[in-house]
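Residue 235 is where the sequence shown starts when you use UniProt numbering, and the numbers rise one by one after that.
Note that beta-carbon positions come from the ideal geometry of N, C-alpha and C, so glycine has one too.
Here the structure is a predicted model, which is why all the values come from computation and not from measurement.
Have a look at the structure below, then the notes.
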Amino acid sequence: PLEPWYIGGPVVKGFGRGSKVLGVPTANLSIEGYSAVLSEHPSGVYFGWAKLPTRGVYKMVMSIGWNPYFNNTEKTIEPWLLHDFEGDFYGEELRLVIVGYIRPEANFPSLESLIARIHEDGRIAEKALDLPLYSRYKDAPYLEGSV
Ligand code: ADP
Ligand code: MG
Numbered sequence: 235p236l237e238p239w240y241i242g243g244p245v246v247k248g249f250g251r252g253s254k255v256l257g258v259p260t261a262n263l264s265i266e267g268y269s270a271v272l273s274e275h276p277s278g279v280y281f282g283w284a285k286l287p288t289r290g291v292y293k294m295v296m297s298i299g300w301n302p303y304f305n306n307t308e309k310t311i312e313p314w315l316l317h318d319f320e321g322d323f324y325g326e327e328l329r330l331v332i333v334g335y336i337r338p339e340a341n342f343p344s345l346e347s348l349i350a351r352i353h354e355d356g357r358i359a360e361k362a363l364d365l366p367l368y369s370r371y372k373d374a375p376y377l378e379g380s381v
C-alpha cells in the first residue's frame with residue numbers, strides 16, 4: 235500500500251465535460267502549488283477521502299493526468315465524490331487524502347468504454363475504502379483543516 239498523501243484547494247471550473255459528456259461530475263482542484271507533488275505520483279486513478287467544509291467527508295475516486303481521451307495539454311486533478319449532491323460547490327475548499335492507487339491512465343477506444351471503466355473504478359474505490367486499512371483515514375486531521 236501507498237503512503238497516504240494530502241492535497242487541497244478551491245474547486246475550479248474545468249471544461250464542463252465530467253457531467254455533460256461522461257455523466258460523472260469531477261470537482262477539479264486548482265493544481266497551483268502542487269507541481270512537485272504531482273510529479274512524484276504517476277498519472278492514473280487513485281482513491282481516498284474528500285472533505286467539503288459545508289458538507290462533510292465522502293469517499294472519492296480521482297483521476298490525475300492529461301485525460302488522453304480528450305487530449306488535454308495540462309495535467310488535472312479530478313476527484314469524483316461518491317455521493318449525490320444537491321447543486322454544485324465551485325469555489326469551496328476541498329481537501330483530499332489519497333490512500334490508494336487503482337490503475338495507470340489509459341486511452342479508450344470509445345466513450346462508452348471510458349464511462350464503463352470510470353464506473354468500475356468507482357466500485358473498486360467504494361469497496362476498498364470500507365477496509366480498515368483505508369477507512370481510518372476518513373478521520374485524518376488534515377481533512378478537518380487543523381493542519
Ligand atoms: P468541470 O469541468 O467544471 O469540473 P464537471 O462536469 O466535472 O465540471 O462538474 C463538476 C462540478 O460538479 C464540481 O466542481 C462540483 O461543483 C459539482 N459536483 C456535484 N456533485 C459532484 C460529485 N459527486 N463529485 C464531484 N463534483 C460534483
Ligand atoms: Mg470536472
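Counted as a single uninterrupted DSSP element, the alpha helix (DSSP H) harbouring LYS361 occupies residues 345 to 362. Across the structure, GLY379 and TYR371 are spaced so that their CA atoms are roughly 14 Å apart. Taking a contact to require three or more Cβ pairs closer than 8 Å, the segment 263 to 271 and the segment 236 to 245 qualify as touching. Between the segment 279 to 293 and the segment 356 to 370 there are three or more inter-stretch CB-CB distances shorter than 8 Å, so the stretches are counted as touching.
Non-local beta-carbon contacts of GLY325 in its own chain, meaning distances under 6 Å to residues more than five positions away in sequence, involve PRO244 in chain order.
Rounded to whole angstroms, ILE298 and SER273 show a C-alpha spacing of 10 Å. Annotated three-state conformation of GLY252 is helix, per DSSP. Set against 7 Å, the gap from the CB of GLY282 to the closest heavy atom of the ligand MG is not smaller.
In this structure, LEU315 sits near TYR292, with a CB-CB distance shorter than 8 Å. Sixteen is the threshold: when 16 or more other Cβ atoms of the shown chains lie within 10 Å of the Cβ of PRO259, as they do, the residue is buried. Assignment of PRO238 by DSSP, reduced to helix, strand and coil, places it in the coil class. Beta-bridge analysis with DSSP links PRO244 to GLU327. Excluding residues up to 5 positions away in sequence, PHE281, TRP314, ASP355, GLY356, ALA359 lie with their Cβ nearer than 6 Å to the Cβ of VAL295 in the same chain.
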